[in-house]
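All the letters of the sequence shown, read from the start, carry residue numbers 23 to 487 under the working numbering. Scroll down for the structure; my scribbles are underneath it.
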Amino acid sequence: MNDQSQSKTQTLLRELPSVDRLLNTAMAVDMMLAYGRSLTVESLRHSLDTARSAILSGEARYAPMNAVLVDEARLWLEQFLAPTLQPVINGTGVIVHTNLGRAPLSQAARQAIDEATKGYSTLEYDLASGQRGSRTVHAEQLLTRLTEAEAGLVVNNNAAAVLLMLTTLCQGKEVIISRGQLVEIGGGFRIPDVMAQSGAKLVEVGTTNRTHLRDYAKAITENTAALLVAHHSNYKIIGFTSEPTLAELAQLAHEHNLLLLYDQGSGALLDSSPYGLEPEPTVLDGLAAGADVVAFSGDKLLGGPQAGVLVGRQELITRLKRHPLARAVRADKLCLAGLSATLTHYLTENALTEIPIWRMITRPVAEIGEEADTWAARLQERGIRAEVVVGRSTVGGGSLPGTSLPSRVVAVQHNDLEHLAARLRQEKIPVIGRIQDGRFLIDPRTVLPEQVEILLQSLVNCAAE
Ligand SMILES: *Cc1c(COP(=O)(O)O)cnc(C)c1O
């Protein structure tokens, strides 16, 4: 660096204001009101550091004006404070998408959560007596009414429900499970690991594809507490398979004074087969077959908030409620409010229209096709190479393995698909789709009606070449 440029650099550096000078600008005063002094100072320092580096590296030919420095500070701060948990548009066609937050809630469920959280509530307060009440009452009546179980309990999620069930009822004892059901669900939830945590001893019977009733019978010892059936969740063994029915297992268990515990998983309360999905055992099927306790998720096919639900025999559920672990995994008021509102939809027979995932599942393909046609036409008008192709939506979320629904999807052509997908993920409301056969696909089935305009605008913004 010669003397002249060195002195120029020194001049520019001297022109940079101090943090205190910037703090006195009207814009910075506004920032302090919005974000507090400490973060505002930090962001201004950040702006000044960036400007200093630009001057020292010779990139900057002028010292930035104060307004520019403060503006950059504000941008930096807004980005820093932007929530990492942000809404997205799900164009994947996966209805219960675990990575995208599983089930969207019904309007009534959202309202119930709002009501229960904006002030105080009767979470553990009995209005009739004016005394302490129990939080377990809130969803229980709805659950027992819906499933005809004697009792019910809501906990944090189904993994917790299974853990509580096995810890309370089987600790130090043996639990027999078919080898074909030792499943890992997304995110590393493994039945064998949960069983190990519970202190129950796992006894595997049968082979991966075939387990007979006699395999269970042979494994029963005086140390056995229960037979456990875990729903096959996210995978499916096709072909030469067999497993005893729940009813056969219930009979075997009860003949030996053992429990039949059923991890049903999806929380399906409705029969999904009329809607083009493969039949899957519902919670009611499990109880009717004789399961003593059934565990399931609140945010899969039930369509509610994250929760784990246990229903079954009164005496057993009472033991679960009293176990110290129940306190550690208890449901909070947001969950109880949202779950109760969701369960009410089933009782009042409007689940198919009120619960978003059931609206998506039951949406006729002709209607999806019409919507896709409209989108494609509007995108074409804006010069985007879009067309409608036949596709399939899936239920996902570890429920209904191997099942999908016919759909019509909008396929966008683009010279750089990875770049297009990345751009869409950077939108204010990020759009998640999938790339397949050289096109970017959006399935209208999982796009919420209020997101359509935003989605089309984002596609126009990002796909225009
Ligand atoms: C999804 C699932 C779980 C885990 O439920 P979470 O609510 O995600 O904790 C456990 N068992 C089965 C069979 C499942 O399908």
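C-beta atoms are modelled at their ideal positions from N, C-alpha and C, and glycine is treated no differently. Values in this document were obtained by computation on a predicted structure and should not be read as measured data.
| Query | Result |
| --- | --- |
| P266 versus H234: straight-line alpha-carbon distance, rounded | 6 Å |
| Length of the line joining the Cα atoms of L481 and N372 | 34 Å |
| Identity of the residue in G326, A433, C484 and A182 nearest V118 by Cα | G326 |
| Contact test: V432 Cβ vs ligand 1 heavy atom, cutoff 8 Å | no |
| 7 Å CB neighbourhood of A485 in its chain, flanking five on each side removed | I406, V434, H436 and L442 |
| Buried/exposed call for D148, threshold 16 Cβ in 10 Å | exposed |
| Beta bridge counterpart(s) of P428 as assigned by DSSP | R414 |
| Identity of the residues DSSP links to D223 by a beta bridge | It should be pointed out that residue 223 corresponds to Lys in this sequence rather than to Asp. DSSP output for K223 lists E196 as bridge partner(s). |
| For E458, the residue or residues it bridges with in DSSP | This sequence places Gln at residue 458; Glu is not what is there. Note: Q458 sits in a beta bridge opposite R461. |
| Residue range of the alpha helix (DSSP H) that includes Q336 | Q336 to R344 |
| Cutoff 6 Å; reference L347; Cβ partners in own chain excluding five residues on either side | L186 and T189 |
| Nearest neighbour of R341, chosen from G460, L191 and I457 [CA to CA] | L191 |
| Residue span of the beta strand (DSSP E) that contains T246, given as start and end | T246 to A252 |
| Collapsed DSSP secondary structure at R83 in the structure displayed | coil |
| The beta strand (DSSP E) enclosing V118, as first and last residue numbers | No beta strand (DSSP E) contains V118, which DSSP labels as neither H nor E. |
| Pairwise C-alpha distance: F318 and V412 | 33 Å |
| With 16 other Cβ atoms within 10 Å as the buried cut-off, status of A131 | buried |
| Span separating the alpha-carbon of R167 from that of Y368 | 10 Å |
| Closest by C-alpha distance to Q473, when choosing among F462, L224 and K450 | K450 |
| Supposed contact pair D465 and T114 - C-beta distance, whole angstroms, cut 8 Å | 7 Å |
| Ligand 1 heavy atom lying under 8 Å from the CB of S495 | The requested residue 495 does not occur in the structure, where the chain is confined to residues 23 to 487. |
| Check whether L477 and V469 have beta carbons under 9 Å apart | yes |
| Three-state secondary structure assigned by DSSP to Y284 | strand |
| Exposure label - A252; buried when at least 16 CB within 10 Å | buried |
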